[in-house]
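**Q** Numbering (the working numbering), first residue to last: 70 to 245. All C-beta atoms in this analysis are idealised placements derived from N, C-alpha and C, irrespective of residue type, glycine included. This structure is in structure tokens; I'll ask about it shortly.
Pasting the structure below:
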């Protein structure tokens, strides 16, 4: 008999919870071969933890390029935002992970993609003065004029955070 539509999901046993914890740790630590084997056995590539972080988010945020590639190739969604509205591309931008940002973009991440708050990877990169990341995102078509849900642009966010180089970099990008 199927569960009622509004019924809470069944409780997970301790063994299942422990297994899930190990899988998320594999993504964080970059255990690409182990993840690939689990995907081959049917593990869903878009598995998420209690904070909404997907395996892809954890691998990308922690600079695990090979694990990021394996997850993407297994069907990991590069647009799946976590509970804080952060996409894997924004996570890579925050950490300054250029190679991972390229990998995500090459596998379909929207350059101006965002979670619920409307904050894009360009905004995140600008806020933290990640000039190389800003260059990459602009070269891939990021919109420097886009605004988040609060109405702020990447340059305004960068100025508010005290970024020293990205406000001028973004102003230069807007010139014809």
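Measure the beta-carbon distance from residue 127 to residue 93 and round it to whole angstroms, keeping in mind my assumption that it falls under 8 Å.
**A** 6 Å
**Q** Can you list the alpha helix (DSSP H) stretches of 4 or more residues lying completely in the segment 87-145, in chain order?
**A** 101-109, 124-130, 134-142
**Q** CA-CA distance, residue 108 and residue 145?
**A** Distance between the alpha carbons of residue 108 and residue 145: 10 Å.
**Q** Evaluate the contact criterion for the segment 137-156 versus the segment 106-123: three or more CB pairs, one atom per stretch, below 8 Å.
**A** Cβ pair count under 8 Å is three or more, so yes.
**Q** What do you reckon, are the CB atoms on residue 233 and residue 198 nearer than 8 Å?
**A** yes
**Q** May I ask you to list the residues that DSSP assigns as paired with residue 183?
**A** Per DSSP, residue 183 has no beta-bridge partner at all.
**Q** Please state whether DSSP places residue 171 in a helix, a strand or coil.
**A** helix
**Q** State the CB to CB distance for the pair residue 170 and residue 161, rounded to an integer number of angstroms; the pair is presumed to be in contact (CB under 8 Å).
**A** 4 Å
**Q** Would you list the residues sitting across from residue 216 in a DSSP beta bridge?
**A** Residue 216 is bridged by DSSP to 222.
**Q** What are the start and end residues of the alpha helix (DSSP H) that includes residue 160?
**A** 157-164
**Q** Considering only C-alpha positions, which residue in the set 86, 87, 122 is nearest to residue 97?
**A** 122
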